[in-house]
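Residue numbers (this note's numbering), protein chains in the order written: chain E, 1 to 409; chain U, 1001 to 1376.
From the three backbone atoms N, C-alpha and C, an ideal C-beta is built for every residue, glycine too.
Beneath this line is the structure, given in structure tokens, with notes to follow.
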């Protein structure tokens, strides 16, 4: 069984040694097929819920995050599902191997976020120094350790280090020593980064869904699929929908769908228990609930559906523009009348949309796709698939993939 | 209905803690019957008012409700006053409206607790208002309170140096210099932001004033509208340094348009408390009871644990008395002593996900005319 360290904090010397070791790996022979094989094996192990390293890591994350183990299991399964042997081999063939040292600054809010970029780097002959947050230091440590156990040479291309954002000296060291930096985090954190490395910032983004209710829409199936998209990772990542738009539906149908969606959240809450909420998060959700409740009482076209113990919250707000939520199963549902109306509703988050779940067919689908492309969406999927973007997902617009494929000039 | 108002007025005049809960339940049942939106809330929450026997089981109304509903009894609205909030969510929410159908209760509450907390020595004195008085800003509940304060506690020379657009800090300084020279104690009333403007004006002129003993200051509003944020300790320090007002005579008020009663800092000037400004607690009047509640269940948390602040204010008899705020803090077991810790529900770190605060800040940049300042 692999071990994760008792303490994850690193210092300047530890970082310097890690960089030196990684630089040395870049001169060693590299076979993309071997890298794909090692990653394939590692992902297969991590998709197995009985894998000891996974169980240990997720138990630690559950304790620290106060997310339920069931929810974490389901979320990690969804994240890792696309990393099959075929997908890795195919993706590897699209990259242009070139030895580079990449620095990865991973976010604290979603365990495993940044995996797509890390895999892309490893398959392109890069070595990776992965900086994890002191709030979530577990996942990548464990993942790298099991990769080393499968293939020591491929595993040697990752060093995982952990320090808090107050250690600016360590961040600066990374910026100086790495050829490129992948930074996932809020916009202000990404903006603070500077230095010589090529920076690929994946700042604050959000996601949504559009459901056309033209017959014969299977309302129950769609509602359940969307509930899954919302629930996984407790709606904390950039791939979590905050707002669902209903098209081709009158007010009654839109409200019925909202009720079905709320019922799906309620049913799933029994299987994937919700997280224990922090005071600030619970207060933020309380605010959303009270605002909706009183707008409804005041005669606005708003309806509040709420789960017991704040397990979930759905606000039907017919005319709302895209609205962010604090996460933790809190969603706004609106109806849209036409394509221009839909575009106007997305205006507040235009350029900051990452993914959209889309259920629409016929000519209207193409029109909706145009609107979503115009709003900067990088990942379109069927409802229920949002947390499983493909291995070659052009996260943030695809600049990093272009860089690895040497398509960026 | 009239007897309920009269009993509240009697209570304010002669508080009896043993009668508070019974009167609170009477007021709640009156409001649940006569305030239509509150009646609707009780219906939606399946609360039967006649089955409620404890103050903690009374459903509170969020301060947000005042933005969307007219929370007032239909039965008594002769001489009502209407006050507006600014709305603290930038750009998106309309301003809240608190209709006070019975201003005499508001006046009685405001003045009685001001007497205890700002004028415990029973003195009347010169008053300098650095926020508009009610004739200049009738929609502001703070303006109304200041006007009543001037009427009740003012003497000799009182002046207002603010209108809804500006503060005449030069006139304020001149007023204070006269009082200093004539050795007349002064009471300053205003927002923390207005005090900040006065301090900056005096500092820029490299002057120092020495206000006569018994001078005092009441500020309110905290960081709202301040160009440079002054915390409580900084307000006290500058009042002492620039005006010569003793720190214990600098009293911060916690109030809001939705409440007819206010809370004030406890200091050595008005109570047995003598703590540093940053450590101060606020005292509620006997006709108000505070609780810190869990944001999920809305049930009180144990004394001295952090929760959302909820108040039951008998002086709100004409609208709704059970108010859930968006502030968080700590409340003692008796419910009369509160430490306000800040605004709840603000952003937590969101990693790669767009956070609400970040989003709203961007929204606000697109709305240059958005109202920042809370009008009380």
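Residue 1300 of chain U does not reach chain E, its nearest Cβ partner there being about 14 Å away, counting only Cβ pairs nearer than 7 Å.
With contacts defined as CB atoms closer than 8 Å, residue 129 of chain E and residue 104 of chain E qualify as a contacting pair. Residues of chain E with a Cβ closer than 8 Å to the Cβ of residue 1326 of chain U are, in chain order, 283, 287. Residue 1033 of chain U is outside the set of residues whose beta carbon lies under 8 Å from a beta carbon in chain E. With its beta carbon at least 8 Å from every one in chain E, residue 1188 of chain U lies outside the interface.
Setting aside the 5 residues that flank it on each side, residue 1012 of chain U is surrounded in the same chain by 1108, 1109, 1112, 1287, each with a C-beta closer than 6 Å to its C-beta; the list follows chain order. The shortest C-alpha to C-alpha distance from residue 26 of chain E to any of E:131, E:382, E:124, E:87 is the one to E:124.
Within the same chain, and ignoring the five residues on either side of residue 1258 of chain U in sequence, the residues whose Cβ sits closer than 6 Å to its Cβ are 1063, 1066, 1098, 1323. The C-beta of residue 1296 of chain U comes closer than 8 Å to at least one C-beta of chain E.
Under DSSP, no beta-bridge partner is assigned to residue 55 of chain E.
Against chain E, the CB of residue 1024 of chain U has no partner CB under 8 Å away; the residue lies outside that interface. Contact note: residue 1037 of chain U reaches chain E through 294, 297, 298, using a C-beta cutoff of 9 Å and chain order. A check of alpha carbon separations from residue 10 of chain E across E:90, E:134, E:119 identifies E:134 as the nearest. A Cβ-Cβ contact shorter than 8 Å links residue 329 of chain E with residue 265 of chain E. Cβ-Cβ distances below 8 Å link residue 30 of chain E to 97, 99, 125 in the same chain, with the five nearest sequence neighbours on each side left out; the list follows chain order. Listed in chain order, the non-local C-beta contacts of residue 1045 of chain U below 6 Å within the same chain comprise 1059, local neighbours out to five positions each way being set aside. The contact set of residue 1306 of chain U on chain E, defined by CB atoms closer than 9 Å, consists of 279 in chain order. Between residue 1331 of chain U and residue 1292 of chain U the beta-carbon gap is near 4 Å, inside 8 Å, which marks them as a contact. DSSP, read as helix, strand or coil, puts residue 1125 of chain U in strand. Scanning chain E for C-beta atoms nearer than 7 Å to the C-beta of residue 1040 of chain U yields 297, reported in chain order. The criterion of a C-beta distance shorter than 8 Å is satisfied by residue 34 of chain E and residue 154 of chain E. Taking residue 1130 of chain U as reference, the option from U:1158, U:1002, U:1101 with the minimal CA-CA separation is U:1158. Within the model, the alpha-carbon separation for residue 1285 of chain U versus residue 1252 of chain U is close to 15 Å. In this structure, residue 310 of chain E places its C-beta atom within 8 Å of the C-beta atom of residue 285 of chain E.
The C-beta distance from residue 1184 of chain U to residue 1126 of chain U rounds to 5 Å, short enough to meet the 8 Å contact threshold. When the Cα atoms are used, residue 44 of chain E and residue 147 of chain E turn out to be separated by approximately 11 Å. Distance between residue 186 of chain E and residue 366 of chain E, taken at the CA atoms: about 32 Å.
Not a single C-beta of chain E is nearer than 8 Å to the C-beta of residue 1073 of chain U. Between residue 257 of chain E and residue 336 of chain E, the CB-CB gap reaches or exceeds 8 Å. In the DSSP assignment, residue 130 of chain E falls within the beta strand (DSSP E) that extends over 127–132. Distance from the CA atom of residue 354 of chain E to the CA atom of residue 209 of chain E, rounded to whole angstroms, is 11 Å. Contact check for residue 325 of chain E against residue 333 of chain E fails: the beta carbons are separated by 8 Å or more.
Residue 89 of chain E sits in a helix when the DSSP states are folded into three classes. Of the residues E:175, E:183, E:80, the one whose Cα lies closest to the Cα of residue 200 of chain E is E:183. Distance from residue 1308 of chain U to residue 1283 of chain U at the Cβ level is roughly 20 Å; contact not present, criterion being Cβ atoms closer than 8 Å.
Considering only beta carbons, no part of the region 1235–1268 of chain U lies closer than 9 Å to chain E.
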